[in-house]
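Line by line, the protein sequences are chains A and B. Going by this note's numbering, the first sequence opens with residue 436, and the numbers climb by one from there. Going by this note's numbering, the second sequence opens with residue 4, and the numbers climb by one from there. Backbone N, C-alpha and C define an ideal beta-carbon position, used for all residues, glycine too.
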Amino acid sequence: DGGITQSPKYLFRKEGQNVTLSCEQNLNHDAMYWYRQDPGQGLRLIYYSQIVNDFQKGDIAEGYSVSREKKESFPLTVTSAQKNPTAFYLCASSIAIRGEQYFGPGTRLTVT
Amino acid sequence: KNEVEQSPQNLTAQEGEFITINCSYSVGISALHWLQQHPGGGIVSLFMLSSGKKKHGRLIATINIQEKHSSLHITASHPRDSAVYICAVSDRVTGNQFYFGTGTSLTVIP
Chain A
436 DGGITQSPKY LFRKEGQNVT LSCEQNLNHD AMYWYRQDPG QGLRLIYYSQ IVNDFQKGDI
496 AEGYSVSREK KESFPLTVTS AQKNPTAFYL CASSIAIRGE QYFGPGTRLT VT
Chain B
4 KNEVEQSPQN LTAQEGEFIT INCSYSVGIS ALHWLQQHPG GGIVSLFMLS SGKKKHGRLI
64 ATINIQEKHS SLHITASHPR DSAVYICAVS DRVTGNQFYF GTGTSLTVIP
């Protein structure tokens, strides 16, 4: 079955620690995205990647970093510089940058 | 300033009712997307459309490009339709900028 996997589903960290969220897809999609969802707000774009070894900042990239070493994988690191890291994080992919997006199940990160 | 506005924010319906969710946007778009988010958080893409109308089962999506407006209709609603429905548009110029509405929370009561 083709799809997007994110792990873990729930993640708890202490303030000041970096944490990496996993996103893997086996849809052979070129484009991948990371979004953040907060209560009462629409999804906001953190980073996106159109192709391997290339990625661009979205609207709220500060405090986050990504890598795209393989087509299938687009991990997101939430650094200690991110002031409000507690949120629901969604990864998505599409065939190309303008295409229909397929979403992963999400990771709920809680930082205390 | 919100590029995408949805209405209503919350909607409760009796099973079997016809439901309409509206979406208005203010930017030039290459496509409009309707997404469904279930309580667990996962998001499913329902429709991607740039003109006219699309139908899938009991779901119908329409778009009026001139009026910058789209509607999602659910016929013969069922409790399993209970979810948050999100409208999103992809920017016409760059294609890589997506704008999302805040969602419409639908509850269908048996």
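When the Cα atoms are used, S528 (chain A) and A91 (chain B) turn out to be separated by approximately 15 Å.
A direct Cα-to-Cα measurement between T65 (chain B) and H59 (chain B) gives close to 12 Å.
By the neighbour-count criterion, in which 16 or more other beta carbons inside 10 Å mark a residue as buried, P11 (chain B) falls on the exposed side.
The C-alpha of I77 (chain B) is placed about 15 Å away from the C-alpha of N13 (chain B). Cα atoms of G55 (chain B) and Q460 (chain A): separation of roughly 31 Å, rounded to the nearest angstrom.
With respect to L446 (chain A), L544 (chain A) sits close: the two C-beta atoms are nearer than 8 Å. Fewer than three Cβ pairs drawn from the segment 22-39 of chain B and the segment 510-527 of chain A lie within less than 8 Å of each other, which leaves the two stretches out of contact.
Under the three-state reduction of DSSP output, R83 (chain B) falls in the helix class.
Under a criterion of Cβ atoms nearer than 9 Å, no residue of chain A is adjacent to F21 (chain B); the nearest Cβ is some 26 Å distant. Taken through DSSP and simplified to helix, strand or coil, I532 (chain A) comes out as coil. For P540 (chain A), the residues of chain B that pass the 9 Å Cβ criterion are G43, G44, G45 and I46, in the order they occur in the chain. The shortest C-alpha to C-alpha distance from S27 (chain B) to any of B:Q100, B:S74 and B:R83 is the one to B:S74. 8 Å or more divides the Cβ of Y483 (chain A) from the Cβ of C526 (chain A). The three-state reading of DSSP puts G55 (chain B) in strand, counting E and B together. Taking one beta carbon from each stretch, the segment 505-514 of chain A and the segment 448-460 of chain A have 3 or more pairs nearer than 8 Å; the two touch.
Taking G31 (chain B) as the centre and dropping the five residues before and after it, the same chain places the C-beta of R95 closer than 6 Å to its C-beta, in chain order.
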